[in-house]
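A short worksheet on the structure shown next.
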């Protein structure tokens with residue numbers, strides 16, 4: 001059985017708003033590296049950062065982040 | 074944000090220099106402790122260890138002073154909150170955990186070795202301390218330097 005994973009649409013929404021990773025990072029007050037690791041699912045952000053990202057990308061947090069169900073075996 | 078990236082790179086370079094200097098300094102001291110335990114090994118090795126110890130301690134002091142100067146630069150530029158963001162806190166926690174695991178591993182190994190070889194407590198303490206400082210610093214820099222591109 002594999003665990004559920006946190007998916008996100010940051011890259012997609014960033015492109016829609018013409019934001020670079022650096023611009024989004026500046027908007028939410030973190031480093032570009034943090035945005036990159038969240039976008040690539042290396043790092044799971046806190047609720048506070050998730051809400052800040054959602055606000056910066058003008059999108060509901062549940063649209064930005066979603067749960068990918070793990071497979072049961 | 075360029076300023077932030079520059080400061081992060083500067084911090085990581087300083088941490089690596091500090092970690093290596095600490096290993097040289099305390100490693101040479103450890104070597105001297107071990108030699109004292111087994112008796113003298115002759116002039117060239119004593120001199121080399123003393124030289125490495127002095128160089129390492131100078132490196133440690135210089136990197137500590139440069140780190141203080143870096144910290145003041147971070148305060149002046151008002152970038153501390155960005156530099157010490159969530160990812161930084163996460164990497165710090167993982168690095169601390171790695172250091173703890175390394176120290177526990179070293180203690181287990183030293184206890185096992187102690188069954189067969191007698192050595193002084195100073196050697197065990199210094200060896201554990203070297204790992205306790207080196208492993209977290211290097212783990213932090215390695216994690217912080219990986220950009221997250223190798224993601225899922």
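Chains as they are written, first to last, in my numbering: chain A, 1 to 73; chain B, 74 to 225.
Even for Gly, the Cβ is constructed at its ideal location relative to N, Cα and C.
Please identify, using Cβ separations under 7 Å, the residues of the segment 14-46 of chain A that lie next to chain B, in order along the chain. For chain B, the residues of the segment 14-46 of chain A that bring a beta carbon within less than 7 Å of one of its beta carbons are 22, 25, 26, 29, 30, 31, 32, 33, 34, 36, 37, 40, 41, 42, 43, 45, 46, in chain order.
Run through chain B and tell me which residues come within less than 8 Å of residue 57(A), C-beta to C-beta. Here the premise fails: no neighbours, minimum Cβ distance about 17 Å.
Can you give me, in chain order, the residues of the segment 99-131 of chain B that have a beta carbon less than 8 Å from any beta carbon in chain A? Answer in chain order: no residues at all.
Taking all protein chains shown into account, decide if residue 200(B) is buried (16 or more other Cβ within 10 angstroms of its Cβ) or exposed. That one is buried.
Excluding sequence positions up to five away, which residues of its chain have a Cβ less than 7 Å from the Cβ of residue 209(B)? Only 168, 169, 171, 172 meet the Cβ criterion.
Between 55(A), 3(A), 71(A), which has its C-alpha nearest residue 64(A)'s C-alpha? Cα-wise, what sits closest to residue 64(A) is 55(A).
Between residue 101(B) and residue 122(B), how many whole angstroms is the CB-CB distance? I'm expecting something under 8 Å. Residue 101(B) to residue 122(B), Cβ: 5 Å. Contact.
Residues in its own chain within less than 7 Å of residue 27(A) by CB, not counting five upstream and five downstream? The answer, listed in chain order, is 56.
I'd like the span of the alpha helix (DSSP H) that includes residue 143(B), first residue to last. It spans 116-150 - the alpha helix (DSSP H) in which residue 143(B) sits, taken as one unbroken run.
Determine the extent of the beta strand (DSSP E) in which residue 65(A) is found, giving its start and end residues. For residue 65(A), the uninterrupted beta strand (DSSP E) run begins and ends at 65-68, by DSSP.
What residue range does the beta strand (DSSP E) around residue 18(A) cover? No residue range can be given for residue 18(A), since it is assigned to no beta strand (DSSP E) and is classified by DSSP as neither H nor E.
If we ignore side chains and look at the alpha-carbon of each, how far apart do residue 5(A) and residue 42(A) end up? Answer to the nearest angstrom: the Cα atoms are 11 Å apart.
Rounding to the nearest angstrom, what Cα-Cα distance links residue 181(B) and residue 204(B) in this structure? The alpha-carbon of residue 181(B) is positioned some 13 Å away from that of residue 204(B).
CA-to-CA distance, residue 89(B) to residue 68(A), given in whole angstroms: Computed Cα separation, rounded: 38 Å.
Whole-Å CB distance - residue 152(B) paired with residue 77(B), under 8 Å assumed: The Cβ separation is near 5 Å, so the contact holds.
Would you call the segment 183-190 of chain B in contact with the segment 137-152 of chain B, where contact means no fewer than 3 C-beta pairs closer than 8 Å? At 8 Å Cβ cutoff, the stretches do not touch.
Given a threshold of 16 other Cβ atoms within 10 Å of its Cβ, counted over all protein chains shown, does residue 176(B) qualify as buried or as exposed? Buried: at least 16 other Cβ atoms inside 10 Å.
Any residues in the segment 133-160 of chain B with a beta carbon nearer than 9 Å to a beta carbon of chain A? Which ones, in chain order? Listed by position along the chain: 154, 155, 156, 158, 159, 160.
In whole angstroms, give me the CA-to-CA distance for residue 125(B) and residue 44(A). Taking the straight line joining both Cα atoms gives about 43 Å.
In chain B, what lies closer than 7 Å to residue 49(A) by C-beta? Result: 159.
Beta carbon proximity, residue 214(B) to chain A, threshold 8 Å: Using beta-carbon distances, residue 214(B) does not count as an interface residue toward chain A, since no partner is under 8 Å.
Given that a residue counts as buried once 16 or more other Cβ atoms are within 10 Å of its Cβ, and exposed if not, what is residue 104(B)? Burial call: buried.
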